């Protein structure tokens, strides 16, 4: 079955892509990214979303980009348009998401797929978050924190690479502040710079920490591809 992966450039969609690529029954034929103008989007990752173009080049898969104003529910129409484009341009028969716990996100993608007669695949659904994070580390994903949106996370976490040490710190914060170690509650956003399926890896050339009013974003200003 030909699949499109909803791709934000973060760890969850990248891990879901890995799971889809590992399946012998399916073929990933394209990535789909929604470029939201609303930083508070209920559906779509926004920090460094423009990086998906470079990531797709590093992976070697075609990318369908669809802009959206990011208005609640209305943004789903833009997602539907993007998925329709994937079907028309690449013969897509199913859609892969990186949803883990969000019923809001998963149910809405499922509804669009049902309407279009497509299969919806959620390989990470209800998986243990700590286990997922440790698997990312052990498989050699290079993941940085690109946004923090909950106390006591601060500017000091920006740009840090996912590691056993960082994960242990996040697990301590989970116990004390009930922060999801994987950022499933929106506390943390990430950007993937390298993964097992990347042909080249991404090197950040310029960045800026941006204070968004109590939250922080690691804004990548320039980046390029280098040999792995």
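Residue numbers (this note's numbering): 1 to 228. The beta carbon of each residue, even a glycine, is placed where N, CA and C say it ideally should be. Computed from a prediction, not measured in an experiment: that's the story for all the values here.
Which residue or residues does DSSP assign as beta-bridge partners of residue 66? 34
I'd like to check one pair, residue 194 with residue 155: are the Cβ atoms closer than 9 Å? no
Taking residue 186 as the reference, give the member of 172, 125 and 99 with the closest Cα. 99
Do you know how far the Cα of residue 130 is from the Cα of residue 198? 24 Å
Helix, strand or coil for residue 107, going by three-state DSSP, please let me know. helix
With distances taken between CB atoms, is the gap from residue 102 to residue 137 smaller than 9 Å? no
Going by DSSP, which residues form a beta bridge with residue 181? According to DSSP, residue 181 bridges with nothing at all.
Per-residue burial, residue 147 [other beta carbons within 10 Å of its own, 16 or more giving buried]: buried
Own chain, CB closer than 6 Å to residue 31, minus 5 neighbours either side, in chain order: 5, 7, 56, 61 and 63
Could you tell me which residues DSSP puts in a beta bridge with residue 219? 208
Extent of the continuous alpha helix (DSSP H) run through residue 19: 11-22
Could you check if residue 228 is buried or exposed, using at least 16 other CB atoms within 10 Å of its CB as the buried criterion? exposed
Tell me whether residue 69 is buried or exposed, calling it buried when 16 or more other Cβ atoms sit within 10 Å of its Cβ. exposed
Helix, strand or coil: which one does DSSP assign to residue 79? helix
Sorted by chain position, which residues of the same chain lie with C-beta nearer than 6 Å to residue 96's C-beta, five sequence neighbours on each side aside? 3, 5, 16, 20 and 121
Return the CA-CA distance between residue 36 and residue 219, expressed in angstroms with no decimal places. 15 Å
Here's the rule I'm using: 16 or more other beta-carbon atoms within 10 Å means buried, otherwise exposed. How should residue 107 be labelled? exposed
Status (buried if at least 16 other CB within 10 Å, exposed otherwise) for residue 223: buried
What runs of the alpha helix (DSSP H), each 4 residues or longer, lie entirely inside the stretch 82-143? 103-116 and 129-138
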